[in-house]
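My numbering applies: residue 7 is where the sequence shown begins, and numbers increase by one. Virtual Cβ for every residue (Gly too), placed ideally from N, Cα, C. Model, not experiment: these values are computed from the prediction.
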Amino acid sequence: MTTRTMDDRYRGFRYVVEVDGVPRAAFGYCAGLHDVLQPVEYYIGDDEIDLRDVADPDHHAFLIFAQGVALDDTLTDWRHVAEMGDPELHDGRIIEYDILGRKVATYTFTAAWPAFFESVREMGALPYRRIDTFELVCDDLCEV
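#1: Would you say G74 and V25 are within 7 Å of each other, going by their C-beta atoms?
#2: Please determine, among A31, L39 and V28, the residue with the shortest C-alpha to C-alpha distance to T4.
#3: Cutting at 6 Å between CB atoms, please list the residues of its own chain near V150, excluding the five before and the five after it.
#4: How many angstroms separate the CA atom of R20 from the CA atom of D92?
#5: Taking the alpha-carbon of A76 as reference, which of V23, V110, E141 and C144 has the nearest alpha-carbon?
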């Protein structure tokens with residue numbers, strides 16, 4: 007018999023987002039974690055055409071999370087600050103779990119800000135916030 011390593015109330019969530027070392031939300035779906043940085047071809051030289059592959063200098067990683075819950079109101083406050091025009095940049099990590107609740111991979115992101123956030127306030131016994139969609143933009147994303 008397999009034992010769970012995650013708390014049972016989070017068994018449907020496969021991704022835990024930590025911002026500045028504190029768990030802030032858990033999600034059931036994430037897109038963009040496994041995207042690779044595609045090189046861009048540049049032509050260099052006047053007489054001879056030289057083709058070089060270099061990384062796109064303006065590349066940002068776009069992560070889209072869905073079907074989740076926020077553990078507090080920090081993500082909502084972070085989004086409000088970003089909407090005012092001066093987003094705060096935070097570092098953090100994403101922990102990916104398999105269907106049995108075992109840790110599969112850990113990803114770290116740097117200089118991230120929320121681009122889109124859609125949630126519904128639940129008025130139940132738990133003080134959690136249900137998140138429909140959360141889009142995070144970060145400068146760097148790497149697997150640890």
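From the atom records:
#1: Here residue 74 corresponds to residue number 68 of the sequence shown, with the count starting at 1. Here residue 25 corresponds to residue number 19 of the sequence shown, with the count starting at 1. For G74 and V25, no; Cβs fall outside 7 Å.
#2: Residue 4 is absent from the model: the chain starts at 7 and stops at 150.
#3: As a position in the sequence shown, residue 150 is number 144, starting the count at 1. Only T112 and T114 meet the Cβ criterion.
#4: Residue mapping note: residue 20 aligns to position 14 of the sequence shown, counting from 1. Residue mapping note: residue 92 aligns to position 86 of the sequence shown, counting from 1. Distance between the alpha carbons of R20 and D92: 31 Å.
#5: The count along the sequence shown starts at 1 and reaches residue 76 at position 70. Of V23, V110, E141 and C144, the residue nearest in Cα terms is V23.
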